[in-house]
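Enquirer:
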Amino acid sequence: MKYIYYKSEKGNFGDDLNEWLWPKLFGSFQKSDLNFIGIGSILFPENKQIGAIKGENKIVFGTGVRPTPNYSVLELDNTWNISFLRGPLSAYMLDNKHEYITDAAYAVRQVENFDSLLNTEKKYEVSLMPYFKSLEYFDWPAICKELGYHYISPLSENGVEFTMREIAASKRIITEAMHGAIVADLLRVPWHRFVFSTPHTEGSKISDFKWTDWTLSMKMANPPVTFIPFYLDTRLNQHCLNLTGKRISPQFFLKGRIRKEVLKNLNNIDEYSLSKSEILADIDRRIADKIEALKAEINCKTFAHHS
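Be aware that the sequence shown starts at 2, since it is given in the numbering used here, and climbs by one per residue.
(1) Per DSSP, what are the beta-bridge partners of Ser-274 in this structure?
(2) Would you list the residues sitting across from Phe-1 in a DSSP beta bridge?
(3) How big is the Cα-Cα spacing for Asp-290 and Gly-41?
(4) Between which two residues does the beta strand (DSSP E) carrying Thr-176 extend?
(5) Which stretch, first to last residue, makes up the beta strand (DSSP E) that contains Ile-5?
(6) With a floor of 3 residues, list each beta strand (DSSP E) that falls wholly inside the stretch 104 to 167, ordered by position along the chain.
(7) Is Ile-51 helix, strand or coil by DSSP?
(8) Quick one: give me the first and last residue of the alpha helix (DSSP H) that Leu-217 is part of.
(9) Would you check if the distance between the CB atom of Arg-166 and the CB atom of Pro-191 is smaller than 7 Å?
(10) Within this structure, are the beta carbons of Trp-23 and Gly-39 separated by less than 7 Å?
(11) Under the rule that 16 or more other beta-carbon atoms within 10 Å means buried, what is Ala-294, buried or exposed?
(12) Can you tell me whether DSSP reads Val-184 as helix, strand or coil?
(13) With C-beta atoms as the reference, is Thr-69 less than 7 Å away from Met-219?
(14) Do Leu-118 and Ala-169 have their CB atoms nearer than 7 Å?
(15) Could you check what DSSP says for Val-263 in three-state terms: helix, strand or coil?
(16) Going by alpha carbons, who is nearest to Asp-34 out of Asn-58, Thr-202, Phe-14 and Glu-298?
(17) Flag Lys-124 as yes when its Cβ comes closer than 6 Å to any non-hydrogen atom of the ligand MN, and as no otherwise.
(18) Going by DSSP in three states, Phe-197 sits in which element: helix, strand or coil?
(19) Could you check which residue in Asp-209, Gly-28 and Asn-268 has the C-alpha nearest to that of Ala-222?
(20) Could you tell me whether the stretch 264 to 280 touches the stretch 179 to 194, using the rule of 3 or more Cβ pairs below 8 Å?
(21) For Glu-113 and Leu-26, I'd like the C-alpha separation in whole angstroms.
(22) Using DSSP with H/G/I as helix, E/B as strand and the rest coil, what is His-307?
(23) Need the endpoints of the alpha helix (DSSP H) that Leu-26 sits in, please.
Printed below as a string of structure tokens:
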């Protein structure tokens with residue numbers, strides 16, 4: 002199978018889970034004409050990866066819909082097999098014609114060595130994971146050192162399993178990355194979301210949509226969130242750049258102040274979220290059933306090419 006997901010040049014923990022996870026669950030199936038779409042918010046018409054496999058067979062396994070400015074949605078034909086979607090918002094965007102369970106990353110709980118991950122010895126009181134596009138704004142390891150937190154990179158330079166063990170070794174995690182929270186939840190590590198650059202680097206509609214899609218799927222309504230002011234370039238910024246020959250922008254003067262806001266807002270967070278064990282048990286059962294059903298379908302060659 003070909004695994005379809007967003008690939009950042011520098012790496013991104015949530016997206017990179019795809020290459021680690023799916024071969025462990027479906028890797029014995031060698032069908033080059035079958036495209037597997039799992040973790041990510043990549044179901045939208047403008048996605049070039051989706052466009053490149055038009056006419057080919059596609060499996061959707063816990064993927065999320067990505068909202069677009071004009072609210073356009075994918076037109077699904079008989080080459081699409083929707084096993085399940087991430088959450089109720091994704092289901093709604095596709096006219097409630099398809100089942101949702103939760104984010105595909107919860108399938109991590111189905112891998113053979115999951116108990117080893119789950120039982121990782123706790124080493125860190127509080128860990129912090131920023132969004133991967135927030136790394137360019139601050140020295141986050143230095144911020145974590147000042148706060149007394151353990152820093153977890155969202156780039157997974159040492160591999161996603163290393164990152165998962167870092168999360169599992171934490172008693173609590175503060176995260177801007179949604180899959181930092183999702184993996185914490187499936188590893189039973191209480192998590193707290195913070196918002197810094199995502200409304201601007203990702204888009205507020207996209208960021209809030211995907212977080213709400215996921216949390217509603219786990220029956221977690223309005224989990225606590227910490228918002229940190231983020232400086233966004235404006236006409237004032239451009240004017241200052243023009244006056245100084247593009248040497249200085251207002252952001253140069255504001256960065257120190259914003260850093261203080263980051264430290265202040267991330268210090269002494271005392272509200273953390275965790276999905277209920279009975280909800281998670283139901284999720285485990287439903288995802289396990291979907292995995293077995295999909296294996297059976299592939300073995301029976303029911304994914305013949307549709308013309």
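Backbone N, C-alpha and C define an ideal beta-carbon position, used for all residues, glycine too.
Expert: For this structure:
(1) For this step, residue 274 is matched to residue 273 along the sequence shown. DSSP, once it has assigned bridges, lists Trp-192 as partnering Ser-274.
(2) For residue 1 there is no data in the structure shown, the boundaries of the chain being 2 and 308.
(3) Indexing the sequence shown from 1 puts residue 290 at position 289. Indexing the sequence shown from 1 puts residue 41 at position 40. So the two alpha carbons sit approximately 21 Å from each other.
(4) Position 175 of the sequence shown, counted from the start, is the residue given in the question as residue 176. Element bounds for Thr-176: 171 to 176.
(5) Counting from 1 along the sequence shown, the entry for residue 5 is found at position 4. Taken as a continuous stretch (DSSP letters only), the beta strand (DSSP E) holding Ile-5 covers 3 to 5.
(6) Segments of the beta strand (DSSP E) lying fully in the stretch 104 to 167: 125 to 130.
(7) As a position in the sequence shown, residue 51 is number 50, starting the count at 1. Here Ile-51 sits in helix by DSSP.
(8) Working through the sequence shown from its first residue, we reach residue 217 at position 216. Judged by DSSP secondary structure, Leu-217 falls within the alpha helix (DSSP H) whose first and last residues are 205 to 218.
(9) The residue labelled residue 166 in the question sits at position 165 within the sequence shown. The residue labelled residue 191 in the question sits at position 190 within the sequence shown. Cβ atoms of Arg-166 and Pro-191: not closer than 7 Å.
(10) Within the sequence shown, the letter at position 22 stands for residue 23. Within the sequence shown, the letter at position 38 stands for residue 39. Cβ distance < 7 Å, so Trp-23 and Gly-39 count as in contact.
(11) Within the sequence shown, numbered from 1, the residue matching residue 294 stands at position 293. Ala-294 should be labelled exposed.
(12) Counted from its first residue, the sequence shown places residue 184 at position 183. DSSP places Val-184 in helix when its eight states are reduced to three.
(13) As a working note, residue 69 is residue 68 in the sequence shown. As a working note, residue 219 is residue 218 in the sequence shown. No Cβ-Cβ contact shorter than 7 Å links Thr-69 with Met-219.
(14) By 1-based counting over the sequence shown, the position of residue 118 is 117. By 1-based counting over the sequence shown, the position of residue 169 is 168. In this structure, Ala-169 lies closer than 7 Å to Leu-118 by Cβ.
(15) What you label residue 263 is simply residue 262 of the sequence shown in a count that begins at 1. Assignment of Val-263 by DSSP, reduced to helix, strand and coil, places it in the helix class.
(16) Residue numbering aside, residue 34 sits at position 33 when the sequence shown is read from its first letter. Looking at the Cα atoms, Asn-58 is the closest of the given residues.
(17) Looking for the ligand MN in the displayed structure turns up nothing, as the structure carries no ligands at all.
(18) Against the sequence shown, residue 197 aligns to sequence position 196. Here Phe-197 sits in coil by DSSP.
(19) Within the sequence shown, residue 222 is the residue found at index 221, counting from 1. Considering only Asp-209, Gly-28 and Asn-268, the residue with the shortest C-alpha distance to Ala-222 is Asp-209.
(20) Yes: the two stretches touch, three or more of their Cβ pairs being nearer than 8 Å.
(21) By 1-based counting over the sequence shown, the position of residue 113 is 112. By 1-based counting over the sequence shown, the position of residue 26 is 25. When rounded, the distance between both Cα atoms is 9 Å.
(22) Within the sequence shown, numbered from 1, the residue matching residue 307 stands at position 306. Its pLDDT being 42, under 50, His-307 is placed unreliably by the model, and nothing is read from it.
(23) The residue labelled residue 26 in the question sits at position 25 within the sequence shown. First-last of the alpha helix (DSSP H) with Leu-26: 14 to 27.
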